[in-house]
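**Q** To start, I am sharing the structure in question, which I have written as C-alpha cells.
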Amino acid sequence: MSDHYGNIKVQAEQMKSFGEDTKETVDTKVQVPVSSPSASPDPSSSITTTDAPSSSICKQRSKNLSSPGKDEKSSWGKPVSEMSVYGSVVPALALKNLNSLGNEQTLHIKGTGKILQGKSETNGNYVTIPASKNTHETRCEDGLKPSRKRRPVTVDTSKAKTSLEALKLSIKQLKWKEFPMGRRAACDIYWHGVSFHDNENIVSGQVNKFPGMVEMLRKINLSRAVRTMQELFPEEYDFYPRSWILPEEYQQFSTQIRVVKEHDAAVNPTFIVKPDGGSQGDGIYLIRDPSDLKLMVGSQAKQAVVQEYIPKPLLIDKLKFDIRLYVLIKSLEPLEIYIAKEGLTRFCTEPYQEPSQKNLSHVFMHLTNYSLNVHSGNFVHSDSQNTGSKRTLSSVLYRLAVKGVDIKRVWSDIIALVIKTVIAVVPELRVYYQADIPPGKPGPTCFQILGFDILLMKNLKPVLLEVNSNPSMRIEHEQEVAPGVFEYVPSPVDEEVKVGVIRDTLRLMDPFNKKPTISSQTKPGGLEHGEEIPVDTESQGRSPDEMGNLPSLCLKQVYPKYTKQFNHLRLLERIAALFIRFLGVKGNMRLGPTAFRTFIRTCKLSNSNFTMASVDILYIDITRRWSGTLPDSREAGMGLQAFVEAFFYLAGRRFKSLVLKEQVASLLELCETQLGPQSSVEDRRSLSCSRAMPRAIKTQTLCLTNPHLNSPAPQRRASSQDYQAHQRLKPRTLRANVEN
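Here it is in C-alpha cells:
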C-alpha cells in the first residue's frame, strides 16, 4: 500500500509540472467540477473531499473540461460593465452570480483514483451517474486520456422551406449536424417552415412552431384578442388601431363612421382593409367610406379586418417605413420572451402624402410591404445597411438619435408593445397546446420566432400593424439578370439580421445548454412615465470555445425580466386556466353545456337571482352567437373567447359597482378560492410546454394564480356583500398558494 501511495505522490509532482497550461493545484482539499460543454461552473454544486496528505488525482485534459486559457479569458473572466445599444450606453447586468447559472456534473474523488457516483442536472432532470470500471475508474498508471466530446446537436431541416439557407448557415456556424432529408431516429430540433403540423410524427425534441400560432395570428383572431385586452386595460393597449371585423361588424362600422361625419363634416378619416388570411400585402386597400368595402368574393362573404389608417407616420427621406422586429417566444410556461436587438426597416418607394381620394390607390406610397414595393421601379437594392429600400433598424435609430430623438424611450415603448401583445395571444395558445399535446402524451416542446410589424407615428409612438407567425427568413432576393431571366442573389442586409436571429435562437434552444430562468429583479409598480427599459447583458451558459468563436447573443430577454411591470395584465391566462380545468376530455377545445354547468356549480356562482336555468340560457345564447362567427371551428361547444364573454358577464352581475378589470379580478379570486390549491397545480402541469422543467422555474408560475400580485382594487369593494364574503375566505387561499 505504501508503494501505491508513493506512486501517486510521484504522479502528483508530475501534474504540478503542467504549470499555467492546466492551472491545477493538488492539495489535501480538492474541488473537481466536471463542467458540461454548454454550462458554466457552479461552485454551489461542486463537492469538496478531504483525503490523506498523499492523496492526488488524475485529471483528464481536454478543451471542453479545462479551465479557460488566455485567449478565452476576455469572454469568460472579464466582467461586462456596460454595453452600447443603438448609440446609447446602458448599465449591464451584474455577472457576479454567473457561475451559479450553469449545469454541472460533480464527482467524488478519492485518493485511490476512483471516481464515485455523482449526479448531473440537465433542464431539471437528475440523472444518476453509475460507477463503472471502464468509464469512471481512472488510474494514474494509464496516463492522461482525452475526454469524450459531446455529440453535435441534430437539426431536421427537411421542412424548413424558405428559411433553409439562413438555417444552413446558422447550423454551420454552430458546428451542429443537419439532416436535410430528415432522420429515422429522433432529432434534437425540428425546423418547420409554416406550422407545427408540417410533421405530424414528432414525439420528442423541440419544434420551432407552436400549435395554433398560425390560427391565432390571423388578422381577425389577433384583433379579437387585443380588443378583449382593450376592454380590460384601455390605456395599456392603445397601441393598436381601432378595428372592425367584416362582415359581422359591417353595420356597426357603417353606423360609427356616419355618426362621426355627422358630428363634424370636416372629419373624413381613412381606413385600411386587410383580408383575414392575406399575406405579403395581398388584397390590402384603402377606403374613406363604408360603401367602398368589397364584402363579397363570388358568393361568399369576405373575411377581413378594417382598421383606422395612421395618417401621420414618421418619415425618413420623405418616405414612410415600418419596422420588422423579430421576437422569440422560448416557452409558454413559464412565459419567456426574447427580442432581437437588430431588425429591418422596409421603406415605401414613393414620397408620402396624407391620404386623399386621389392617392388612395397608390400602394407604393401607403403600404410598406416589401413584397409590393420590390416591384416598384424606385426600389433600391443596396449592400449597405443604411441606404436603400430595406435597411437595418440600428441604422435608422442612429439617424434619429443624431436628430436628438430619445432612442432609449422609443426602444422601451417597443418592448412594452411586444410584451403586451404576446400576453394578449398566450391564453388561446395554451388551449391549442393542450389540444395537440395533452398532458401525459409524448410530444415535443415548442418555441417560435414571430415577426412584429410596427409603425412609428410622427410623435414617435409605436403602433402595432400585425404579427406574422411565419416571417420571411430569406437571405436572398430575386433579380432580373437578363430580359425575362430572374435569379436569386444574396441580400447582405437580410443575411446580417436573419442569420443572427436564427443562430442565436438555436443557441438558446440548445438541449445541452439548459439553465433556469432568472426571475425578475426589477422594482414593483410598473414603468413610470418616461422610464426606459434597459437592454441587459445576459450570459448564457455555453462552452469557452463557443464564446470565443461566436458573437454575443443578439436576442435579449424581456420577459420574465419585467414580470412585475406587466404581470397584472395576465388576467385572461387565469381565465384560460379555469377553462382548461373544466374541459375534461384531453385534446378538447370546446366546453359543453354540462361542463359549463359544472363550472358554475363548483365555483358557486348560481343563486336565487341566477338559477341554473339562467345558466343554460346564457350558454346557449353566447355559444350560438360565437358559432356563427367561427364557421371553421373544430367542434361544437363554447370556445375560449365565448367563455371569456360569459365570464365577463358573470363578473358584471356579481360585482356591479366595480370597473370591468376589477370585476374580472374579483371573480377570478372567488373561483380560485372555491377550486382550492390542488386544481391550480394541475392546471400548471397541464399547461406546461416543457416535459422537464426545473422545480425553481415551476415556482415562478405561482404569480398567475396568486390574486395578490395584481393591482389592488379600490376600497369601494367593501360595499359589495359578495366581496365581503369572499374576503373572509382569502387568507386561506393565500397560505395555500404560498405553500405551492
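Under our numbering, the first residue of the sequence shown is numbered 779, with each subsequent residue one higher.
By construction, the Cβ of each residue, glycine as well, lies at the ideal position given by its N, Cα and C atoms.
As the structure is a computational prediction, the values presented were derived from the model and not from experiment.
1) Buried or exposed, going by whether 16 or more other CB atoms sit within 10 Å of the CB of Thr-1483?
2) In its own chain, which residues sit with a C-beta less than 7 angstroms from the C-beta of Ala-1079, not counting the 5 before and 5 after it?
3) Compute the Euclidean distance between the alpha carbons of Lys-1096 and Phe-1125, then round it to the nearest angstrom.
4) Hey, could you find the ends of the alpha helix (DSSP H) Gly-1430 is sitting in?
5) Who does Lys-955 pair with in a DSSP beta bridge?
6) Specify the secondary structure class of Asp-1067 as computed by DSSP and reduced to three states.
7) Could you give the residue range of the beta strand (DSSP E) that holds Thr-940?
8) Within the continuous beta strand (DSSP E) that includes Asp-1272, where are the two ends?
9) Scan the region 1133-1203 and note each continuous beta strand (DSSP E) run of 3 residues or more that stays entirely inside, going in chain order.
10) Just the C-alpha distance for Val-1180 and Phe-1230, rounded to the nearest angstrom, thanks.
11) Rounding to the nearest angstrom, what Cα-Cα distance links Glu-1244 and Asn-1387 in this structure?
12) From this set, Asp-1161, Ala-1260, Pro-1205, His-1255, which residue's C-alpha is nearest Pro-1270's C-alpha?
13) Across which residues does DSSP place Val-1267 in a beta bridge pair?
14) Mapping the DSSP letters down to three states, classify Glu-1120 as helix, strand or coil.
15) CA-CA distance, Ile-1094 and Ala-963?
16) Just how far apart, CA to CA, sit Asp-1060 and Pro-1053?
17) Cβ atoms of Gln-951 and Leu-1328: under 8 angstroms apart, would you say?
18) Ignore the nearest five residues each way along the sequence and tell me which others in Gly-1365's own chain have a CB closer than 7 angstroms to its CB.
19) Got a sec, what are the start and stop residues for the beta strand (DSSP E) Lys-1334 sits in?
20) Excluding five sequence neighbours on each side, which residues of the same chain lie with their C-beta closer than 6 angstroms to the C-beta of Val-1442?
21) Residues in the same chain with beta-carbon distance under 7 angstroms from Ile-1201, minus the five sequence neighbours each way, listed in chain order, please.
22) List the residues that DSSP assigns as beta-bridge partners of Gln-984.
23) Could you tell me the distance, in whole angstroms, from the CA atom of Met-1237 to the CA atom of Val-1336?
24) Could you tell me which residues DSSP puts in a beta bridge with Gln-1085?
25) Smallest Cα separation from Glu-1450: which of Met-1390, Tyr-1427, Ile-1378?
26) Can you find a CB in chain B that lies within less than 8 angstroms of the CB of Arg-1002?
27) What first and last residue would you give for the beta strand (DSSP E) that runs through Leu-1243?
28) Once you ignore the five residues that flank Leu-1150 on each side, which residues in its own chain have a CB closer than 8 angstroms to its CB?
29) How about the region 1160-1179 and the region 987-1003: do they share at least three Cβ pairs that are nearer than 8 angstroms?
30) Within 10 Å of its beta-carbon, does Asp-1042 have 16 or more other beta-carbons around it, so buried, or fewer, so exposed?
31) In the DSSP output, which residue or residues are listed as bridge partners for Glu-1450?
32) Starting from the C-beta of Glu-956, find all residues in its chain whose C-beta is less than 7 angstroms away, skip the five residues before and the five after it, and write them out in chain order.
33) Report all residues from its chain with a CB closer than 7 angstroms to the CB of Arg-1431; omit the five preceding and five following residues, and keep chain order.
34) Do you know offhand how far Val-1267's Cα is from Thr-1372's?
35) Whose CA, out of Pro-989, Gly-960, Gly-1055, Met-1287, lies closest to the CA of Pro-1221?
36) Starting from Phe-1099, follow the beta strand (DSSP E) in both directions and report where the run begins and ends.
**A** By the coordinates alone:
1) Caution is warranted here: a pLDDT of 41 is assigned to Thr-1483, below 50, making its placement in the model unreliable, and no coordinate value can be reported.
2) Pro-1025, Leu-1073
3) 10 angstroms
4) 1418-1432
5) Thr-932
6) coil
7) That residue, Thr-940, is in no beta strand (DSSP E); it is neither H nor E in DSSP.
8) Run containing Asp-1272: none in the beta strand (DSSP E); it sits in the alpha helix (DSSP H), 1270-1287.
9) 1168-1170
10) 25 angstroms
11) 43 angstroms
12) Asp-1161
13) His-1255
14) coil
15) 52 angstroms
16) 8 angstroms
17) yes
18) Ala-1213, Pro-1216
19) 1333-1337
20) Leu-1349, Ala-1429
21) Phe-1344, Leu-1347, Arg-1348
22) Ile-967, Thr-1223
23) One point to set straight first is that residue 1237 is Asn, not Met, in the sequence displayed. If I take the Cα positions, the gap works out to 24 angstroms.
24) Ser-1021, Ile-1050
25) Ile-1378
26) The structure shown contains no chain B, having only a single protein chain.
27) 1240-1246
28) Gln-1058, Gly-1059, Val-1141, Phe-1142
29) no
30) exposed
31) Paired residue(s): none; Glu-1450 is not in a bridge.
32) Val-933, Thr-935, Lys-946, Ile-949
33) Phe-1388
34) 60 angstroms
35) The identity of residue 1221 in the sequence shown is Gly, whereas the question assumes Pro. Nearest of Pro-989, Gly-960, Gly-1055, Met-1287 to Gly-1221, Cα basis: Pro-989.
36) 1097-1109
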